[in-house]
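**Student:**
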Amino acid sequence: MSGELQDTLKKRLDENYAAFIDSLQGKTVSELIAMAPEITTAQQLHEELLGACDEEDVEFLLRFDNPLEVVRGYWESEITGYDHSGEMGHMLWRIREDNQDEFERQDEKSFGIDEITLDPVMDFSGKEVVAYIEIGFDVGRRFQVYPNLDDSCGLYVKYDPVSQALRAELCIEDGYDGGKRWETVSLLPSAQKMIIDLMEEACQKDMGRSLRDTWTDHHPAINRENQHQKKNGRCQHER
40 MSGELQDTLK KRLDENYAAF IDSLQGKTVS ELIAMAPEIT TAQQLHEELL
90 GACDEEDVEF LLRFDNPLEV VRGYWESEIT GYDHSGEMGH MLWRIREDNQ
140 DEFERQDEKS FGIDEITLDP VMDFSGKEVV AYIEIGFDVG RRFQVYPNLD
190 DSCGLYVKYD PVSQALRAEL CIEDGYDGGK RWETVSLLPS AQKMIIDLME
240 EACQKDMGRS LRDTWTDHHP AINRENQHQK KNGRCQHER
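Position 164 (the sequence shown) corresponds to 203 in our numbering; numbering is contiguous.
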C-alpha cells in the first residue's frame, strides 16, 4: 500500500474526527447520552478503520471529503441490524472463564462463627436432631439462593447422631404473605463441624449431657435396636 495515500487518509480521518468532536460542544447531557452509539462508532472507526483498509479501499475512501462520516453511517446500520448473539455468546464465555476462579473461591468460602446464632432449643423427637440457626451472611453469595428483599431467611440443620451426618435446608419466608419455601444447601466440612460443635456445646450447657446421649434419652428403642444389630453382627462374625 502506498504510504503517501495511507498518510493522506489518516490525516483526513483525523480531521473528520476532530470536526465530529467539535460538533458535540454545547450539547446537553441528555443529547450526548442519546448520541452515545454515534460517538462510540466514530471513535472506533477513527482508531481501527485505516488498519482494515487495503490499497483499493484507501483510494476509494479518499474520494470523499468526510470518509469517516460515510463509513460511520454504514457501520451503524450494519451493527444495528446484525445479529450479535454469536459474538455475545463468546464474550460471555470469556467473562465466565476470566472470573470462574474468583467465583469458585467465593463459593468455597465458609461462614464464620460470628455470622450464625444457634437456637439452643433443639428438636430431639425424630431420628435426626433438628436445630435452627439465625444467619447473618449473604445467602446469595454463599448458597446461590436469591430471596426477595422483604423475605427473611433461616437455616435448619438435621443431624443424625448414628451416622454423624449433617444436612441443611434454607427456609425462606415470604415477607408479603408469610409463605415458606425450602432450599437444600451444601455446607463445607468446616462449617458442618462448627455447627455440630455448637450443638454439642448447647447440650452440655443445658442438659449436662452430650448431644448423642441427649438424643438417646429421647429414643431408647432406637438405641436398643442399634445395639441389637451390632450384637447380632458380632455373633455372626464369630460364627
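All residues carry an ideal CB built from backbone N, CA and C; glycine is no exception.
In this text, all values refer to a predicted model and were calculated from it rather than measured experimentally.
Is DSSP giving residue 156 helix, strand or coil here?
**Tutor:** strand
**Student:** Drop a sphere of 10 angstroms on the beta-carbon of residue 168, count the other beta-carbons inside from all chains shown, and report buried for 16 or more, exposed for fewer.
**Tutor:** buried
**Student:** Taking its Cβ as the centre, do 16 or more other Cβ atoms sit within 10 Å of residue 254, making it buried, or is it exposed?
**Tutor:** Buried.
**Student:** Using the beta-carbon count (16 or more within 10 Å), is residue 160 buried or exposed?
**Tutor:** exposed
**Student:** Is residue 108 closer than 8 Å to residue 55 when the C-beta atoms are compared?
**Tutor:** yes
**Student:** In angstroms with no decimal places, state the Cα-to-Cα distance between residue 250 and residue 136.
**Tutor:** 45 Å
**Student:** With DSSP run on the structure shown, which of helix, strand or coil describes residue 220?
**Tutor:** strand
**Student:** Can you name the start and end residues of the beta strand (DSSP E) that residue 201 belongs to?
**Tutor:** Unbroken run through residue 201: none, as it is neither H nor E.
**Student:** In its own chain, which residues sit with a C-beta less than 6 Å from the C-beta of residue 155, not counting the 5 before and 5 after it?
**Tutor:** 172 and 174
**Student:** Are residue 170 and residue 233 touching if we call contact CB-CB under 8 Å?
**Tutor:** no
**Student:** Whose CA, out of 190, 240 and 183, lies closest to the CA of residue 226?
**Tutor:** 183
**Student:** Please classify residue 181 as buried or exposed, where buried requires at least 16 neighbouring CB atoms within 10 angstroms.
**Tutor:** buried
**Student:** State yes or no: is the C-beta of residue 110 within less than 8 Å of the C-beta of residue 89?
**Tutor:** Going by C-beta atoms, residue 110 is not nearer than 8 Å to residue 89.
**Student:** Within a Cβ cutoff of 7 Å, which residues of the same chain sit near residue 103, ignoring the five residues on either side of it in sequence?
**Tutor:** Listed in chain order, the non-local C-beta contacts of residue 103 below 7 Å within the same chain comprise 109, local neighbours out to five positions each way being set aside.
**Student:** Skipping 5 residues on each side, what residues in its chain have a beta carbon closer than 7 Å to that of residue 52?
**Tutor:** 85, 88, 89, 106 and 107
**Student:** Buried or exposed: where does residue 185 fall if 16 or more other Cβ atoms within 10 Å of its Cβ makes it buried?
**Tutor:** exposed
**Student:** Residue 223 to residue 204, Cα distance in whole Å?
**Tutor:** 15 Å
**Student:** Residue 193 by DSSP, collapsed to three states: which one?
**Tutor:** In the three-state reduction of the DSSP assignment, residue 193 falls in the strand class, which pools E and B.
**Student:** According to DSSP, which residues form a beta bridge with residue 206?
**Tutor:** DSSP lists 197 as partners of residue 206.
**Student:** State the DSSP-derived secondary structure class of residue 168, mapped to helix, strand or coil.
**Tutor:** strand
**Student:** Quick one, are the C-beta atoms of residue 219 and residue 206 less than 8 Å apart?
**Tutor:** no
**Student:** Report yes if the CB atom of residue 199 is closer than 8 Å to the CB atom of residue 213, and no otherwise.
**Tutor:** With contacts defined by Cβ atoms closer than 8 Å, residue 199 and residue 213 do not form a contacting pair.
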